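Counting in our numbering, the final residue of the sequence shown is number 1933, and the numbers go up one at a time with none missing.
By construction, the Cβ of each residue, glycine as well, lies at the ideal position given by its N, Cα and C atoms.
From a predicted model like this one, the values you see are computed outputs, not experimental measurements.
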Amino acid sequence: MYTASTGKLLPALGISLMLGACTGLSGPDTQTPAVPQDNPSLQNPRISPAAQRQPVRAGWWQQFGDATLTGLVDQALKAHPDISSARASLQAARAQGVIADAGLLPSLSGSGSARRSSGSNSFSAGMDASWELDFFGANRLASRSAALDVGSAEAGLEDAKASLAAEVARNYVNLRLSQARLANAHQNLESRQQSRQLVDMRYQAGLVSQLDVEQARLSVNQIQAQIPALDAGITQSRQALATLTVQPVASLAPRLQQSRGIPAPRRTLAEQVPADALRQRPDLRAAGYRLQSAALRVQEAKANQYPSFRLGGALNLSSAKLSDLVDTGNLARSLLASISAPLFDGGQLKQQVLIRDASYQQALAGYQKALLQAVQDVADSFASLESLRRQRPLLVENLKLARSTERLIQLNYQAGRDNYQSVLDAQRSVTSAQESLLAAQADESLAMISLYRAVGGAW
């Protein structure tokens, strides 16, 4: 490293000669790179190239119109450790940004001392200032990169919120599904018990065999055996929601005790997601910020290969008496200018550029992966929704037919025109149709949650 300095005020000619020595050196590009917009990954039937006229809206869970769900999500966003961790990361990024910005400003320090030796006193005070002249933009690049890191941390916080909200919503849907299945099980149990009573009466009258009695009892026992598993599913979902909202299960249970049915969104979504809306997905925005930051850090590493310039100055006061310390006659002034340039470092600076470039390539691959995943998530969610919406009317019709068939067979059995096995088959058909419809309703809500999560909000 070569350093030239002087303790006195440098003539303007000396400064001009020193700065002129760098004439002809071309520094690195200091422009903030753009995130790729036209990407083959976005060429999907579910991704519309049309511009998004309004930003993606947070609070997508409110689209389900369920006050309990909204309250659970709001509580989770306030209390869950994942959100606290993401906020801490954001605070650290902002602090790092302040540090990076400080590199663009002059530094100022002061000192003072008092000494007594051999019957004499001495007092001194001083102030030092220095400023690095960022000719090749290394400090500006570091500042811009740090600002992008703040953007990435902000997007990371939004992604943590979106992920947590989706997890709460999924567990809430599963809870309501288990409660609906339990309600159906109790209704079916009551129906089977009534059928068993009818069979017992017919058996006592000598109209049916012992086989019908045993089949009726078996049917009742089968329904009863399902109830403990359904109760366990409800308990597990409540526990999961208590964990996500950081609340005791006991305090949460009253809000979840009464079944309100499986929540369903109140609005019909468009058949496509605008590409601009997809780019607002938090994890994709975070990856884009990381990509831009990595590109700037490559340029910063290149800038560090160029000379650096620094101006410094000092004001010093000294006196044998404290009262004379502020006398301008005791003032000493100095101005220092220095240039520092790497001459030989064993290739460290060059390798640092290669390291930063490799980090940029990793960030680029990470952005492309995030984009691919976003498109796949949207396409998969739309595919599930489309399939379920075509299936649901058929399942509703199946349940109507199953119930109608059961009523007819029950009448035939009571009239002695059919056997009890036909009654059991009809009852099982009703139960199966009920389960299929409930599962489809829950799956449709879960697919909507996945779609909102895939886009990062409502649009």
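Worksheet entry | Sequence-distant residues of the same chain with beta carbon closer than 8 Å to residue 1869, five excluded per side | 1907, 1910, 1911, 1914
Worksheet item: Residues bridged to residue 1584 by DSSP?
Response: 1601
Worksheet entry | Assigned exposure category for residue 1917 - 16 Cβ within 10 Å defines buried | buried
Discussion item. Does the region 1616–1634 come into contact with the region 1754–1768, if we say contact requires no fewer than three beta-carbon pairs (one atom in each stretch) closer than 8 Å?
Written reply: yes
Worksheet item: Where does residue 1647 sit, in a helix, a strand or coil, going by DSSP?
Response: helix
Worksheet item: Does the beta-carbon of residue 1482 have 16 or more other beta-carbons within 10 angstroms, so that it is buried, or is it exposed?
Response: Caution applies to residue 1482, whose pLDDT of 41 falls short of 50 and renders its modelled position unreliable; the model cannot decide the point.
Discussion item. Helix, strand or coil, according to DSSP, for residue 1502 in the structure here?
Written reply: In this prediction, residue 1502 has a pLDDT of 48, which is less than 50 and means its spatial position is unreliable; what the coordinates show is noted afterwards. Coil, per DSSP.
Discussion item. For residue 1733, which residues in the same chain have their Cβ closer than 7 Å to its Cβ, ignoring the five residues on either side in sequence?
Written reply: 1650, 1653, 1654, 1657
Worksheet item: Taking the alpha carbon of residue 1787 as the point to measure from, which residue in 1775, 1809, 1778, 1774 has its own alpha carbon closest?
Response: 1809
Discussion item. Can you list, in chain order, the residues of its chain with a C-beta nearer than 6 Å to that of residue 1583? Leave out the 5 residues immediately preceding and following it.
Written reply: 1602
Worksheet item: What are the start and end residues of the alpha helix (DSSP H) that includes residue 1702?
Response: 1684–1719
Worksheet item: Secondary structure at residue 1722, three-state DSSP: helix, strand or coil?
Response: coil
Item to complete: List the residues that DSSP assigns as beta-bridge partners of residue 1539.
Response: Looking at the DSSP assignment, residue 1539 forms no beta bridge with any residue, so it has no partner.
Item to complete: From the DSSP output, in three-state form, read off residue 1533 for me.
Response: coil
Worksheet item: Would you say residue 1546 and residue 1719 are within 8 Å of each other, going by their C-beta atoms?
Response: yes
Worksheet item: Near residue 1631, what residues of its chain come up, given a Cβ to Cβ distance below 7 Å and the 5 sequence neighbours on each side ignored?
Response: 1560, 1561, 1564
Worksheet entry | Bridge partner(s) assigned by DSSP for residue 1781 | Residue 1781 pairs with nothing; no bridge assigned.
Worksheet item: residue 1640 to residue 1924, Cα distance in whole Å?
Response: 7 Å
Practice prompt. Confirm, please, whether the CB-CB distance from residue 1748 to residue 1633 is below 8 Å.
Written response: no
Discussion item. With H, G and I counted as helix, E and B as strand and the rest as coil, what does DSSP make of residue 1930?
Written reply: coil
Discussion item. Quick check: the Cα distance between residue 1865 and residue 1549, rounded to an integer number of angstroms?
Written reply: 35 Å
Practice prompt. Could you check how far apart the C-beta atoms of residue 1663 and residue 1698 are, in whole angstroms? I think they sit under 8 Å.
Written response: 6 Å
Practice prompt. Give the straight-line distance between the Cα atoms of residue 1815 and residue 1841, rounded to the nearest whole angstrom.
Written response: 36 Å
Worksheet entry | Neighbour-count burial assignment, residue 1695, 16 or more Cβ in a 10 Å radius | exposed
Practice prompt. Could you check the C-alpha separation between residue 1637 and residue 1927 for me, to the nearest Å?
Written response: 7 Å
Practice prompt. Leaving aside the five residues before and after residue 1556 along the sequence, list all residues of the same chain whose C-beta is less than 8 Å from its C-beta, in chain order.
Written response: 1634, 1637, 1638
Worksheet item: Should residue 1713 be labelled buried (16 or more other beta-carbon atoms within 10 Å of its own) or exposed?
Response: exposed
Practice prompt. For the alpha helix (DSSP H) holding residue 1609, just list the boundary residues, first then last.
Written response: Looking at the DSSP string, residue 1609 is not in any alpha helix (DSSP H), and its letter there is neither H nor E.
Worksheet item: At which residues does the alpha helix (DSSP H) containing residue 1878 begin and terminate?
Response: 1822–1888
Item to complete: Would you identify the three-state DSSP class for residue 1812, choosing helix, strand or coil?
Response: strand
Worksheet item: What's the gap between the Cα of residue 1730 and the Cα of residue 1919?
Response: 18 Å
Practice prompt. Quickly, what does DSSP pair residue 1739 with across the bridge? List them, please.
Written response: According to DSSP, residue 1739 bridges with nothing at all.
Item to complete: Excluding the 5 residues preceding and the 5 following residue 1526 in the sequence, name in chain order all residues of the same chain whose CB lies nearer than 6 Å to its CB.
Response: Per-residue confidence for residue 1526 stands at a pLDDT of 47, beneath the threshold of 50, marking its modelled position as unreliable; the derived number appears in the next sentence. Closer than 6 Å at the Cβ level, and outside the excluded window around residue 1526, lie 1748, 1750, 1751.
Discussion item. Which same chain residues end up closer than 6 Å to residue 1676 when comparing Cβ atoms and leaving out the 5 residues on each side of it in sequence?
Written reply: 1682
Discussion item. I'd like the span of the alpha helix (DSSP H) that includes residue 1680, first residue to last.
Written reply: Here residue 1680 belongs to no alpha helix (DSSP H), and DSSP marks it neither H nor E.
Worksheet item: alpha helix (DSSP H) containing residue 1568: first to last residue?
Response: 1555–1576
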